[in-house]
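Novice: Take a look at this one; I'll ask things after.
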Amino acid sequence: MIKEIIKWRTVIIGAVIILTSYIISDISGVSLILPSFLLTGLVVGFIINETEKNGALNGVVLGVIGGIITNVILIVMMYLQGYGDFIVSIISTALIYLVLEIVVATVGGVFGSLLRIEFDKSEMEYEEVEE
């Protein structure tokens, strides 16, 4: 049943988008990680073309995968920059970020599903008007 609900291809594409935007924003010096989780969750929810519940579940999976990847990179970068003495506080901050990223990706997944539903409704109305 889970294999039918979670669209792994879309979630993996979303994780790659998050990883790419994280690396680009980190190089530029501006942290765009939470907006990228929201936008990627929105894209994943739109692409799966299912209910809000499935959009939320795919958003959660995206948030977990993307959040773990980005936070591991963050912890490793901080450690390599010489902040090894503060590793406990860095990990606790990363856990807070992880929870926040999961919530934001979930909200994005729900919004994407709702957007797709409205898009399909307006498309059906447009086809009826043409005929």
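Just so it is clear: in the sequence shown, position 31 is 986 by the working numbering, and no numbers are missing. Beta carbons: idealized from backbone N, C-alpha and C, even for Gly.
(1) Expressed to the nearest angstrom, what Euclidean distance is found between the alpha-carbon atoms of Ile961 and Ile973?
(2) Mapping DSSP to helix, strand and coil, what is Ile961?
(3) Going by C-alpha to C-alpha distance, which of Leu1012, Ile1045, Val1027, Ile967 sits closest to Phe1066?
(4) How do the region 977 to 992 and the region 1040 to 1047 stand: do at least 3 beta-carbon pairs fall below 8 Å, yes or no?
(5) If you measure from the beta carbon of Phe1001 to each beta carbon in chain C, is any gap under 7 Å?
(6) Let me know if Leu1035 comes out buried or exposed under the rule of 16 or more other beta-carbons within 10 Å of its beta-carbon.
(7) With the cut-off set at 7 Å, would you say Asn1026 and Leu987 are in Cβ contact?
(8) Under a Cβ-count criterion, where at least 16 other Cβ atoms within 10 Å of its own Cβ denotes burial, should Ser991 be classed as buried or exposed?
(9) Does the separation of the CB atoms of Leu1017 and Val966 fall below 7 Å?
Specialist: In this structure, then:
(1) Here the question's residue 961 lines up with position 6 in the sequence shown. Here the question's residue 973 lines up with position 18 in the sequence shown. Per the coordinates, the alpha-carbon of Ile961 lies some 18 Å from the alpha-carbon of Ile973.
(2) The sequence position of residue 961 within the sequence shown is 6, counting from 1. Here Ile961 sits in coil by DSSP.
(3) For the purposes of this step, residue 1066 is taken as the residue at position 111 of the sequence shown. Closest by alpha carbon: Leu1012.
(4) As far as the Cβ criterion goes, the region 977 to 992 does not touch the region 1040 to 1047, which means the pair count is below three.
(5) Reference to chain C is not applicable here, since this structure consists of a single protein chain.
(6) Stepping through the sequence shown from its first residue, residue 1035 is reached at position 80. Exposed, since its Cβ has fewer than 16 Cβ neighbours within 10 Å.
(7) Residue mapping note: residue 1026 aligns to position 71 of the sequence shown, counting from 1. Residue mapping note: residue 987 aligns to position 32 of the sequence shown, counting from 1. Their beta carbons are not under 7 Å apart, which means Asn1026 does not touch Leu987 by this criterion.
(8) Here residue 991 refers to the residue found at position 36 of the sequence shown. That one is buried.
(9) Looking up residue 1017 in the sequence shown gives position 62. Looking up residue 966 in the sequence shown gives position 11. With respect to Val966, Leu1017 sits close: the two C-beta atoms are nearer than 7 Å.
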